[in-house]
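Only one structure is covered here, and it is reproduced in the block below.
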Amino acid sequence: MSRRMTYEEKREKKRAAERRRYANLTDEQREKQREKKAVYDRDRYANLTDEQREKRDDAERRWRTNMTDEQRKRKNAARRRWQFKKNGITSEQYDRQFEAQDGRCAICGRHHTECLNGRLVPDHDHETGELRGLLCHKENRSLGLFGDNLAGLLKPVKYLIGGDPERLAMAISYLKRKSDGRPY
Ligand SMILES: [Zn+2]
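Numbers 9 to 192, taken from the numbering used here, label the letters of the sequence shown in order.
Right, here's the structure in full:
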């Protein structure tokens with residue numbers, strides 16, 4: 009005699025079918041589906057009452073703390089894949105660069121474990137699209153604030169040296185002495 013499926017079994021079966029369907033989609037179809045879902049989620053969240061929203065946020069917090077190691081691993085792997093895709097590099101490229109920089113930020117030289125978020129982010133030359141290096145969150149943001157280029161960065165330098173080229177020359181010789189062959 010066949011036993012009736014429990015709620016969990018039914019749910020797992022449904023999810024497995026969804027996963028199979030999703031695996032067979034083309035990138036374009038996936039992108040479309042993601043966009044549709046994002047709009048749907050946004051609308052739904054916007055239309056919740058305060059009470060419903062609180063309940064939902066609570067459930068999400070609970071889920072985050074109660075995730076199994078397996079679920080957390082899957083979630084982190086998905087995030088990593090998504091981030092690399094967004095950044096236009098492969099995880100192999102990232103790992104190679106990471107090794108070359110000894111796990112340190114290419115500007116400040118701090119080890120990634122001492123940086124904000126504990127991660128280094130890829131920095132691209134916006135003109136050529138090439139990977140320049142991996143930076144800590146702080147430096148990556150600062151570069152962006154100064155326009156992500158040399159001309160933009162030289163403006164505060166000019167300000168800091170007070171227009172005195174002698175002070176710039178001193179700073180450069182200091183940098184040369186300090187870097188002794190390291191990439192930063
Ligand atoms: Zn840094």
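Positions of the beta carbon are idealized from the N, C-alpha and C atoms, including for glycine.
Item, Value
"Kindly indicate which residue of L143, E122, E62 and R38 has the alpha-carbon position closest to the one of H132.", "L143"
"Between the C-alpha atoms of G96 and K186, what's the straight-line distance to the nearest angstrom?", "33 Å"
"According to DSSP, is H119 helix, strand or coil?", "strand"
"Would you call the segment 70-88 and the segment 117-131 in contact, with 3 or more CB pairs under 8 Å?", "no"
"Determine, using beta carbons only, whether R38 and Y30 come nearer to each other than 9 Å.", "yes"
"Please confirm whether L128 and G111 have their CB atoms less than 9 Å apart.", "yes"
"Give the straight-line distance between the Cα atoms of D156 and K93, rounded to the nearest whole angstrom.", "21 Å"
"What are the boundary residues of the alpha helix (DSSP H) that L161 is part of?", "L158 to L168"
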